[in-house]
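Peer 1: Quick one: the structure is below, questions incoming.
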Amino acid sequence: MDSVAHLDSPPAEDWTVDELMIAVLASCFTDGDQACNGMASFLPVAAFQLAKLTHAPDLIWLAGAVGLEPRPGPIPASTLEAPLWRDALMYTEQYGDFWTLALNGRWLKKFCVGAAQLDRFGNANNSFIGDDFHAPKVRLPGTAGLADMGSVGKALYYWNPNHNPRSLVAEVDFISCAGYLGGGDERERLGLSGGPELVVTNLCVLDFEPETKHMRLRSVHPGVTVEQVLEATGFEPVLPPGDVPTTAEPTAEQVRLIREVIDPHGMRRREFRRR
Amino acid sequence: MDSVAHLDSPPAEDWTVDELMIAVLASCFTDGDQACNGMASFLPVAAFQLAKLTHAPDLIWLAGAVGLEPRPGPIPASTLEAPLWRDALMYTEQYGDFWTLALNGRWLKKFCVGAAQLDRFGNANNSFIGDDFHAPKVRLPGTAGLADMGSVGKALYYWNPNHNPRSLVAEVDFISCAGYLGGGDERERLGLSGGPELVVTNLCVLDFEPETKHMRLRSVHPGVTVEQVLEATGFEPVLPPGDVPTTAEPTAEQVRLIREVIDPHGMRRREFRRR
Amino acid sequence: MQVKQATLAEAASLVSDGDVVALQNMATQAAPMALVRELIRQERKNLALVCLVGGIAVDWLAAAGCMDRFIGNAVSMEQFGLAQRYRRAVESGRIRMEELSETALLARLGAGARNLPFLPTRGMIGTDLIDINENLTMVEDPFGGPPVVACRALVPDVALVHSHRADRYGNVQYEPTARWPDIGIMPMAARRVIVTTEQIVDSDVLRANPDRTVLPGFIVDAVVEVPWGAHPTSFNPLYGYDAAFHLAWVAAARSDEATGEFLDTYVYGPADHEEYLDAAGGADRMAQLARWETG
Amino acid sequence: MQVKQATLAEAASLVSDGDVVALQNMATQAAPMALVRELIRQERKNLALVCLVGGIAVDWLAAAGCMDRFIGNAVSMEQFGLAQRYRRAVESGRIRMEELSETALLARLGAGARNLPFLPTRGMIGTDLIDINENLTMVEDPFGGPPVVACRALVPDVALVHSHRADRYGNVQYEPTARWPDIGIMPMAARRVIVTTEQIVDSDVLRANPDRTVLPGFIVDAVVEVPWGAHPTSFNPLYGYDAAFHLAWVAAARSDEATGEFLDTYVYGPADHEEYLDAAGGADRMAQLARWETG
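Chains as they are written, first to last, in the numbering used here: chain D, 28 to 302; chain X, 28 to 302; chain S, 6 to 300; chain B, 6 to 300.
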């Protein structure tokens, strides 16, 4: 989270958790990275723009995996419709261009993932809830590109605006995006590089313990207790030695940029309202 | 050769063999076919245009495998440069569009082939003359798309403006385009459909005997004797029962169209001059 | 060139019960909705829909009982949430879903288009998507590299796409905009191709911008002029998605009765596309959508 | 965005002796000739050239002793005949050729670009091209269909392409014209990408036609402004190939002495690109070529 510390701006006096989550996600992207977003990805889209306006002016954004370096207006109601990639430098055709760039391995190395179910080893499920694929309790939208991104060497950054025992589970009902699978070196043994890096929720930030690849509590957001996190989590995350750090607050400048420049219509809050 | 017979035009009084060869090739393409051409393919390009102007107005031409249904001017000095596809309806990108269309199997079912070496079973060689690929006596340009077209179900129409024992050989030094391979059903056994249909030279027209797939003399051009053909051929072609037919002369209208409309600059004769 | 111009009814009659139907659609974008409504009116049954991301089109086909299979990446109306009628049909077992990653769907269609038995991808390795799918299997690299997932060729019976303009011979153009793979690969993979287009133009109009032509007429079986043919989905740059319409559908989809009434009003009721557009708000509403006033 | 603008000398210095160099070229079309001349002046050695159809560029690199391998479809100057210096180098064993069908070369590069170990094709089955090539091998279809030819991934060290315009960040545009696969697939497959362009423009010029942008700047290592940079090959729609120049080369290529003189005059002699253009006929000649007066 340090990469925004250099910003010559004090902590915001009034921030909301959506803004804190955006600041945390923004801190994961730096100059030289390329970032892309899919459907209904208001927090990542806000984070990419915040990074570009602050510590990472040379971050490249492929809006909707379509429009290269657009001149974004206020975040529109869809993150996969044309208004998002206004004045783009290039339209990347999705088959010939985008997926070739994404599969190549040298570009688009980081990917933000929203998952209906996420388990202790960072495996994600957007396919179905239940025990029978063909007679599911709940049919989820489907994994689409996420089923690729989990297996082709990307660093995965999960965001979850609704941290609860149903969305953070011990074991997903179905692995539709490969995390660390059974943990340890199972992912490596399959020849897969990359993997889950961070989980940013409305309560805390988690990462993965290097040996076991088990999800680990990295910091709790200001005002949130470790107990609240444990209650809201469907498994016991690894706890850091000593006190659990507190997530850095967004700066006044970050909050101003989010509210006045990036997302004046407050689209980012839709991800929370949907719950 | 009958499909042009309907043309209400008498045989030409003065035709040259390039014009006869163009008329024969034109008769192989009908409405509903799609035709494309590669480099240095003056006779096929003239044949496609002649067919469109006479018996096959709905023949689709993909000029240079790039420009769909152009408005051709006089045949230019190159059959792979932009002037050939002037005013095209579509530019087919070669990787995503052209080869997908060509490999699909339902389109572009006929292909005209110019080969440095052609053998008795219709195998072609544009790779090298000699017995060592890496120390050839003569390095030929290379097979390019032809190495694909021979194996993906196309009907192959060979044209050879220079019928001699070096270009029509018993066995090619190297198979760079699959014909009937060893003859008989060897091509079928490899699961390959299509194959050589016709060979149009400056002396005669040959096809392939259905059982053995051995090259067979179909007709000799007016003024050419069977003996001349046999002398000029590096192997003994199968002879039809009885008298060898004479190739139909181009009609006066066909010759007029070739000379006045299609190829007023006489580019077609370059293929002969090059010898 | 052969004339391919047809009516919606003629075009839809090229789709048979049980067909595998590749449908252009990306959540709220670019679906050939007029064709979809015609298929529902003609009461097609047991269709398998192939989509990258199916939206309201798939929800309607599920609600009308026209489909029993889905092959693709996802079904979602993005900001308007899950496709509830589709979702319930899957949960009740009435619709069977083959869930593919994006590269896997593109590989299956790409292999179908190029007459290859399969194409490989490195996506999905480690997920549960491979074992449950008979059209996916791990294969070794013959050169000693890492294994890959072979994706079996998929050849849809018919592809349905919408476009900005076309001539009556079926040569199809797209305006410069996001070009999803379905416009490129679905028609080349499918046995038959049906195109709806905002405008039928003279071929000379296409010759002015040959780089914008995306489909050659000889692979197209029928082309139908249908202005606003993608409504209520967006068709950039011409018009945005109809948010109010989508929200009305989402509300109706909550009950069988309201669903039936909605389909009566917008699908079964209107005698033709013009009457549909009137029901959907007519020229004034379309003018708003052309200004991307989607709310 | 990072600035990628460079000089010809700086750009060419990104190519090392022994590199596998993907070179845009289709017979008499669209070769980055200014870069090729700079590589010869910098006396690169043991290069492997990867081309769809190599023309005068390959003949020059062979004549100058810069290359010892060729991987591609063919080497030909079409109406100007075989590339004689290249041909003799192959016949004498100084250059080793890997001859691939078009689908095989595109499969090798496509696999390299997508980080797949191989891609399959159905081309070449039955020919002698497969057995002599360690990068091609027959594999069974895991789904029980016909066997296919697996083409091993090819990752060139560097790709050299020419373009119509670019910004200083390396975002590259192409005018509407025939788009050969090398502009699309070679740069994505290669480890480094060098682009020459007719004109460096402000990024806003690119934003006016984002559909014409073919390469995003983040995959480009260097971009060099070189007007007439493809001469003597054509660069449609801007200018035609220089037929007189090609014929002069064909005549010179017959003897070692004349070949040396020709390269002195047009490659080693000129101090920079401007002097080369003067030697090649200067503004008047270029104006003729812009009118496609190629003779």
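For every residue, glycine included, the Cβ atom is placed at its ideal position computed from N, Cα and C.
Name, in chain order, the residues that DSSP records as bridge partners for arginine 74(S).
Peer 2: Answer is Ala53(S), Arg101(S), bridged to arginine 74(S).
Peer 1: Can you name the residues of chain S whose CB is closer than 9 Å to the CB of leucine 6(X)?
Peer 2: Nothing can be reported for residue 6(X), as the shown portion of chain X is limited to 28 through 302.
Peer 1: Isoleucine 190(B) and leucine 141(B) look like a contact to me (Cβ under 8 Å); what is the Cβ gap, rounded to whole Å?
Peer 2: That pair is no contact at about 18 Å.
Peer 1: Starting from the beta carbon of arginine 290(B), find every residue of chain D whose beta carbon is closer than 8 Å, and list them in chain order.
Peer 2: The premise fails here: arginine 290(B) is roughly 34 Å from chain D at the closest Cβ pair, so nothing lies under 8 Å.
Peer 1: Would you mind working out which of His241(X), Val282(X), Glu287(X) sits nearest leucine 266(X), comparing C-alpha positions?
Peer 2: Checked all of His241(X), Val282(X), Glu287(X); the closest Cα to leucine 266(X) is His241(X).
Peer 1: Just confirm the distance between the C-beta atoms of proline 163(D) and glutamate 298(D), as a whole number of angstroms; I'd bet it's less than 8 Å.
Peer 2: Between glutamate 298(D) and proline 163(D) the Cβ distance is about 23 Å, and since that is not below 8 Å, they are no contact.
Peer 1: Residues of the segment 204–218 of chain B in Cβ contact with chain D at a cutoff of 7 Å, in chain order, please.
Peer 2: Within the segment 204–218 of chain B, the qualifying residues are Ser208, Leu211, Arg212, Pro215, Asp216, Thr218.
Peer 1: Terminal residues of the continuous alpha helix (DSSP H) containing glycine 265(S)?
Peer 2: From DSSP, the alpha helix (DSSP H) with glycine 265(S) extends over 261–268.
Peer 1: Please confirm if tyrosine 246(S) has its CB atom under 8 Å from at least one CB of chain D.
Peer 2: Yes, contact with chain D.
Peer 1: Cβ of proline 1(B) less than 8 Å from any chain D Cβ?
Peer 2: Since the first residue shown for chain B is 6 and the last is 300, residue 1(B) is missing from the structure and cannot be characterised.
Peer 1: In the DSSP assignment, find the beta strand (DSSP E) that holds phenylalanine 235(D) and state where it starts and stops.
Peer 2: Looking at the DSSP string, the run of the beta strand (DSSP E) that includes phenylalanine 235(D) is 231–235.
Peer 1: Name, please, each residue of chain B whose Cβ falls closer than 7 Å to the Cβ of proline 151(S).
Peer 2: Simply Pro122.
Peer 1: Hey, is arginine 93(B)'s beta-carbon within less than 8 Å of any beta-carbon in chain S?
Peer 2: By this cut-off, arginine 93(B) is not an interface position.
Peer 1: Cβ of alanine 39(S) less than 8 Å from any chain B Cβ?
Peer 2: Chain B, which has no Cβ nearer than 8 Å to the Cβ of alanine 39(S), makes this no.
Peer 1: Roughly how many whole angstroms lie between the Cα atoms of proline 37(S) and proline 103(X)?
Peer 2: Using only the alpha carbons, I get a separation of about 42 Å.
Peer 1: Give the C-beta separation of alanine 109(D) and threonine 182(S) to the nearest angstrom, bearing in mind that I take them to be a contact with Cβ-Cβ under 8 Å.
Peer 2: With a Cβ gap of about 7 Å, alanine 109(D) and threonine 182(S) count as contacting.
Peer 1: Suppose you measure from the CA of cysteine 71(S) to the CA of leucine 107(D); what does that come to, to the nearest Å?
Peer 2: So the two alpha carbons sit approximately 28 Å from each other.
Peer 1: What residue from Leu111(B), Ala118(B), Leu105(B), Ala213(B) has the CA that sits closest to glycine 132(D)'s CA?
Peer 2: Answer by Cα proximity: Ala118(B).
Peer 1: If alanine 309(B) sits next to threonine 299(B), beta carbons under 8 Å apart, how far is it from one beta carbon to the other, in whole angstroms?
Peer 2: Residue numbering for chain B in the displayed model covers 6 to 300; residue 309(B) lies beyond these limits and cannot be assessed.
Peer 1: Taking only beta-carbon positions, decide if glutamine 76(D) is within less than 8 Å of chain B.
Peer 2: No - not a single Cβ of chain B is within 8 Å of the one on glutamine 76(D).
Peer 1: Interface residues of chain B around aspartate 175(X) at Cβ under 9 Å?
Peer 2: Ordered by position in chain B, the residues that pass the 9 Å Cβ test against aspartate 175(X) are Ser106, Glu107, Thr108, Ala109, Thr126, Arg127, Gly128, Met129.
Peer 1: In angstroms with no decimal places, state the Cα-to-Cα distance between proline 268(D) and glycine 149(D).
Peer 2: Near 21 Å, if we compare the C-alpha coordinates of glycine 149(D) and proline 268(D).
Peer 1: Below 7 Å on C-beta distance, what does arginine 74(B) contact in chain X?
Peer 2: Simply none; closest approach about 11 Å.
Peer 1: Looking at the structure shown, is serine 3(B) part of a helix, part of a strand, or coil, going by DSSP?
Peer 2: Chain B is shown only over 6 to 300; residue 3(B) falls outside these bounds and no answer can be derived.
Peer 1: Leaving aside the five residues before and after arginine 302(D) along the sequence, list all residues of the same chain whose C-beta is less than 6 Å from its C-beta, in chain order.
Peer 2: Confidence in arginine 302(D) is poor, its pLDDT being 39 and thus under 50, which makes the residue's placement unreliable; the coordinate value appears in the next sentence. Here the set comprises Asn189.
Peer 1: Taking the runs of the beta strand (DSSP E) that are 3 residues or longer, which of them lie wholly in the segment 76–162 of chain D?
Peer 2: Counting whole runs of 3 or more residues, the segment 76–162 of chain D contains the beta strand (DSSP E) stretches 87–90, 137–141, 144–146.
Peer 1: If you draw a straight line from the C-alpha of alanine 279(X) to the C-alpha of proline 38(X), how long is it?
Peer 2: In a straight line, the C-alpha of alanine 279(X) is about 5 Å away from that of proline 38(X).
Peer 1: Kindly say whether methionine 242(X), judged by its beta-carbon, lies nearer than 8 Å to any beta-carbon of chain B.
Peer 2: By this cut-off, methionine 242(X) is not an interface position.
Peer 1: Is there a Cβ from chain X that is less than 8 Å from the Cβ of leucine 19(S)?
Peer 2: No, because no Cβ of chain X sits closer than 8 Å to the Cβ of leucine 19(S).
Peer 1: Please confirm whether glutamine 7(S) has its beta-carbon closer than 8 Å to some beta-carbon of chain X.
Peer 2: Yes, glutamine 7(S) counts as interfacial toward chain X.
Peer 1: In or out: proline 125(S) buried (at least 16 other Cβ within 10 Å) or exposed?
Peer 2: Buried, because 16 or more other Cβ atoms sit within 10 Å of the Cβ of proline 125(S).
Peer 1: Counting only beta-carbon atoms, is valine 272(B) nearer than 8 Å to chain X?
Peer 2: No, because no Cβ of chain X sits closer than 8 Å to the Cβ of valine 272(B).
Peer 1: Looking at alanine 27(S) and glutamine 227(S), is the spacing between their C-beta atoms short of 8 Å?
Peer 2: Residue 227(S) is actually alanine in this sequence, not glutamine. The answer is no: Cβ separation not under 8 Å.
Peer 1: Rounded to whole angstroms, what's the CA-CA distance from isoleucine 289(D) to valine 210(B)? Just pull it up for me.
Peer 2: C-alpha separation (whole angstroms): 25 Å.
Peer 1: Can you find a CB in chain B that lies within less than 8 Å of the CB of alanine 115(D)?
Peer 2: Yes, its Cβ sits closer than 8 Å to a Cβ of chain B.
Peer 1: Check whether the Cβ atoms of arginine 17(S) and leucine 40(S) sit closer than 8 Å, and answer yes or no.
Peer 2: Residue identity differs from the one stated: residue 17(S) is alanine in this sequence, not arginine. Taking 8 Å as the Cβ cut-off, alanine 17(S) and leucine 40(S) qualify as a contacting pair.
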